[in-house]
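Participant: In my numbering, the protein residues as written are 764 to 926.
Beta carbons are placed, not taken as given, at the ideal position from N, Cα and C, and that holds for glycine.
Okay, handing you the structure first.
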């Protein structure tokens with residue numbers, strides 16, 4: 764008696780299923796909300812403790828695509844751009860529309876001494892530079908420390924041991 768090996772008739776479906784998953788995953792990742800991988804890079808630093816600077820690198824964006832606000836001591840940077848390319852090939856009677864939308868939203872909590880009324884922003888060569896000056900702080904005043912020459916000098920205080 765010969766043993767016949769049974770071949771799984773659905774074996775090829777698992778490969779097709781995996782390929783379809785890959786196609787849909789790549790499609791959804793391109794059109795989904797921004798993740799840490801596709802957010803624009805941003806550098807935030809202070810200059811001489813006089814101002815906070817945020818530089819957001821936005822290749823492909825224009826100043827009209829960006830909205831900047833300060834609300835409740837938080838700097839909000841929002842951007843959205845849409846690209847639409849239409850290609851009509853009359854010979855082959857094909858009509859292709861390629862459309863992509865890219866958006867992002869970043870928030871930076873500002874220090875308490877940030878002067879929201881004097882925020883400045885410039886956009887140059889794909890980089891948004893936002894400068895938030897700090898309000899001037901009053902100068903610190905040196906306070907002298909006494910040597911204990913008050914009424915109780917040399918005597919033990921109530922409730923303490925005198926050794």
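Rank 807, 872, 866 by C-alpha distance to the C-alpha of residue 839 and give the top, closest one.
Facilitator: Here residue 839 refers to the residue found at position 76 when the chain shown is read from its first residue. Among 807, 872, 866, the Cα nearest to that of residue 839 belongs to 872.
Participant: Check residue 806 in the structure and name its three-state DSSP category.
Facilitator: The sequence position of residue 806 within the chain shown is 43, counting from 1. Residue 806 falls in the strand class under three-state DSSP.
Participant: Assign residue 822 to one of two classes, buried (16 or more other C-beta atoms within 10 Å of its C-beta) or exposed (fewer than that).
Facilitator: If you number the chain shown from 1, residue 822 lands on position 59. So residue 822 counts as exposed.
Participant: Helix, strand or coil: how does DSSP classify residue 827 here?
Facilitator: As a working mapping, residue 827 is identified with position 64 in the chain shown. Residue 827 falls in the helix class under three-state DSSP.
Participant: Could you work out which residue in 836, 843, 816, 818 is closest to residue 829 when comparing CA atoms only?
Facilitator: Counting from 1 along the chain shown, the entry for residue 829 is found at position 66. Residue 843 is the option with its Cα nearest to residue 829.
Participant: Given a threshold of 16 other Cβ atoms within 10 Å of its Cβ, counted over all protein chains shown, does residue 803 qualify as buried or as exposed?
Facilitator: As a position in the chain shown, residue 803 is number 40, starting the count at 1. Buried, by the Cβ-count rule.
Participant: Buried or exposed, going by whether 16 or more other CB atoms sit within 10 Å of the CB of residue 877?
Facilitator: Here residue 877 refers to the residue found at position 114 when the chain shown is read from its first residue. Residue 877 is buried by the Cβ-count criterion.
Participant: For residue 848, which of 818, 862, 832, 841 has the nearest alpha-carbon?
Facilitator: Here residue 848 corresponds to residue number 85 of the chain shown, with the count starting at 1. Residue 862 is the option with its Cα nearest to residue 848.
Participant: Going by Cα to Cα distance, which pick from 850, 870, 805 is closest to residue 832?
Facilitator: As a first step, residue 832 is located in the chain shown; it is residue number 69 there, counting from the start. The residue with the shortest Cα to Cα distance from residue 832 is 870.
Participant: Thinking residue 892 and residue 816 are a contact (beta carbons under 8 Å), I'd like their distance in whole angstroms, please.
Facilitator: Translated into the one-based positions of the chain shown, residue 892 becomes position 129. Translated into the one-based positions of the chain shown, residue 816 becomes position 53. That belief holds up - the Cβ atoms of residue 892 and residue 816 are roughly 7 Å apart, short of 8 Å.
Participant: If you drop the 5 nearest sequence neighbours on each side, which residues of the same chain put their C-beta closer than 6 Å to that of residue 864?
Facilitator: Residue 864 sits at position 101 when you count from the first residue of the chain shown. For residue 864, where only same-chain residues beyond five positions count, the Cβ hits under 6 Å are 845.
Participant: Does DSSP classify residue 898 as helix, strand or coil?
Facilitator: Taking the chain shown and counting its residues from 1, one reaches residue 898 at position 135. Three-state DSSP puts residue 898 in coil, outside helix and strand.
Participant: Taking 8 Å as the threshold (C-beta atoms), are residue 826 and residue 868 in contact?
Facilitator: Within the chain shown, the letter at position 105 stands for residue 868. Within the chain shown, the letter at position 63 stands for residue 826. Cβ distance not < 8 Å, so residue 868 and residue 826 don't count as in contact.
Participant: Starting from residue 817, trace the beta strand (DSSP E) both ways and give me its first and last residue.
Facilitator: On the chain shown, position 54 is the one that residue 817 refers to. Unbroken beta strand (DSSP E) run through residue 817: 814-820.
Participant: Are the CB atoms of residue 881 and residue 896 within a distance shorter than 8 Å?
Facilitator: Your numbering for residue 896 matches position 133 in the chain shown. Your numbering for residue 881 matches position 118 in the chain shown. Cβ distance < 8 Å, so residue 896 and residue 881 count as in contact.
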